[in-house]
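Written out below as structure tokens is the structure these notes cover.
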Amino acid sequence: MPTVARAARPAIPVALSEPRFRLDDPDALEAPRAETARLNPATGRREDVLVQGGFDIIEAPYLRLTLTGTPEPETGPRLFVTLARRAADGQGLAVIRTGEHGTIATKFGVVETLDLTLGGEGRRNCTGFATLEPGALRLDGWLCAPLGQAPEPRAVACALDRISLNGQPSSALESTFATTEARRDPGCGPRVVAMKNADRDVGGETGSIPARRPRKAPDTKK
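Residue numbers (this note's numbering): 3 to 224.
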């Protein structure tokens with residue numbers, strides 16, 4: 003599918019407050035980070051963003067995840083539309099190519115996936131995803147594997163498995179996460195165990211960041 007240019011109104015930053023979510027990845031060389039929460043200009047709903055890695059660091063995974071509170075259970079827009087808008091919204095990226103759709107089981111329920119190539123300062127093969135089941139929390143984003151590889155489905159599931167509540171959540175979020183914790187994938191395992199069992203230069207199936215100097219992706223826009 004060719005790139006589709008979509009106008010995206012910039013989200014409105016929320017007054018500084020403690021992030022509502024975090025990624026539990028204590029053994030990563032680069033700690034996950036939470037960006038300033040924003041209000042979606044179209045819906046007025048709060049969006050929390052968690053990021054790990056960088057698009058231009060090709061030797062490490064790049065995860066960008068948006069968590070949107072939904073006061074009433076609802077389904078979101080089509081996955082391609084969501085990803086195109088997210089890429090255009092301040093990221094300087096575009097969806098260059100799309101591939102196969104799929105679904106995977108996660109602790110947040112069934113998640114729709116879409117193979118895609120993102121372009122910006124270079125190109126990366128990624129898997130876009132969004133939760134399918136209506137609920138109090140909608141997740142969407144993408145995971146890009148290192149060195150031009152495509153992420154394995156388990157890598158996406160394990161990335162979502164690491165999401166935890168942070169600070170003082172609402173009762174609705176506490177209830178949601180109480181349910182998700184019971185559905186965690188034991189195959190993802192403790193982070194340190196996965197690292198010891200995977201004798202690889204690049205991250206294992208949980209998308210660990212490698213212990214070597216990163217390189218920036220080549221600029222393919224010339």
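In this text, a Cβ means the ideal position worked out from N, Cα and C, and glycines have one as well.
**Request:** Verify the CB distance criterion: does L116 have a CB-CB separation below 8 Å to chain B?
**Result:** The structure shown contains no chain B, having only a single protein chain.
**Request:** Please report the Cβ distance between L120 and C128, rounded to the nearest whole angstrom; I am assuming they are in contact, meaning their Cβ atoms lie under 8 Å.
**Result:** Correct: roughly 5 Å between the Cβ atoms.
**Asked** With respect to the alpha helix (DSSP H) encompassing L81, which residues constitute its N-terminal and C-terminal limits?
**Response** 81-90
**Asked** Does the beta-carbon distance from Q227 to E32 come in below 8 Å?
**Response** In the structure as shown, the chain starts at 3 and stops at 224, and residue 227 therefore has no counterpart that could be examined.
**Asked** Under a Cβ-count criterion, where at least 16 other Cβ atoms within 10 Å of its own Cβ denotes burial, should T68 be classed as buried or exposed?
**Response** Note on T68: 16 or more other CB atoms within 10 angstroms of its CB, so buried under the neighbour-count rule.
**Prompt:** What residue range is occupied by the uninterrupted beta strand (DSSP E) comprising H142?
**Reply:** As written in the sequence, residue 142 is Asp, which differs from the His given in the question. Residues 137-146.
**Prompt:** In whole angstroms, what separates the C-alpha of R164 from that of L145?
**Reply:** R164 and L145 have their alpha carbons spaced roughly 13 Å apart.
**Message:** Quick check: the Cα distance between A39 and T70, rounded to an integer number of angstroms?
**Reply:** 10 Å
**Prompt:** Can you tell me whether R185 is buried or exposed, with buried defined as 16 or more other CB within 10 angstroms of its CB?
**Reply:** exposed
**Request:** Could you work out which residue in P155, V97, V83, T181 is closest to F110 when comparing CA atoms only?
**Result:** T181
**Asked** For G47, which option in P188, F179, R140 has the closest C-alpha, if you only look at C-alpha atoms?
**Response** For the sequence presented, residue 47 should be read as Arg rather than Gly. Ranking P188, F179, R140 by Cα distance to R47 puts R140 first.
**Prompt:** When you compare only the Cα positions, how much space is there between A132 and T108?
**Reply:** Near 11 Å, if we compare the C-alpha coordinates of T108 and A132.
**Message:** Just list the residues that DSSP pairs L69 with in beta bridges.
**Reply:** D50, L141
**Prompt:** Are the beta-carbon atoms of R66 and G124 separated by less than 8 Å?
**Reply:** no
**Prompt:** CB-CB under 6 Å to A174, same chain, minus the five flanking residues each way: which ones, in chain order?
**Reply:** Excluding positions up to five away in sequence, the list reads A138.
**Message:** I'd like to know whether the C-beta atoms of A159 and D117 end up nearer to each other than 8 Å.
**Reply:** no
**Three-state secondary structure (DSSP) of G56** = coil
**Prompt:** Any idea if A200 is buried or exposed, counting beta-carbon neighbours within 10 angstroms, 16 or more meaning buried?
**Reply:** Here the model assigns A200 a pLDDT of 34, short of 50, so the residue's position is not dependable and the matter cannot be decided.
**Endpoints, alpha helix (DSSP H) assigned at E114** = Not the alpha helix (DSSP H): E114 falls in the beta strand (DSSP E), residues 111-122.
**Item:** Where the beta strand (DSSP E) through A107 begins and ends
**Value:** 96-108
**Message:** Once DSSP output is grouped into helix, strand and coil, what is the label at L175?
**Reply:** helix
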